[in-house]
Amino acid sequence: MLGTPPPAGTVAIHDEQSRTSLLQFFARTKLGWTETVVDRPKEHVRGPIEDQDMEKTRQKLSDKIDRVRQRLNAGKTGEPSEGGAREDHQFAA
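Throughout the sequence shown, residue numbering follows the numbering used here, covering 102 to 194 in sequence.
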């Protein structure tokens, strides 16, 4: 299989497909080789991506922007933001 003569009492495998399958088995079991698996949806998705929970996504983004704005404003006034202690970062305005 790997370029060495077969052990005594055995016959070399000449079928290329069998040799390839055996080599893959060896690589998986002895060398830890794995194949990449890609999960793809098997059924049609509900609709275009922009229609799926768009309002929920917009609200999440709006909330994140508000939190960042609060932190930036708290940093300019020297007050700690609602999330924790004041950090001494310089932001370009």
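C-beta: ideal position from N, C-alpha, C; glycine also.
Whole-angstrom distance between residue j and residue i, CA atom to CA atom
i      : j      : result
Arg168 : Thr137 : 39 angstroms
Arg172 : Lys131 : 53 angstroms
Ala175 : Asp164 : 16 angstroms
Ser119 : Thr158 : 52 angstroms
Gly104 : Asp140 : 37 angstroms
Backbone secondary structure at residue i - three-state DSSP
i      : result
Leu132 : coil
Arg141 : coil
Ala109 : coil
Ile114 : coil
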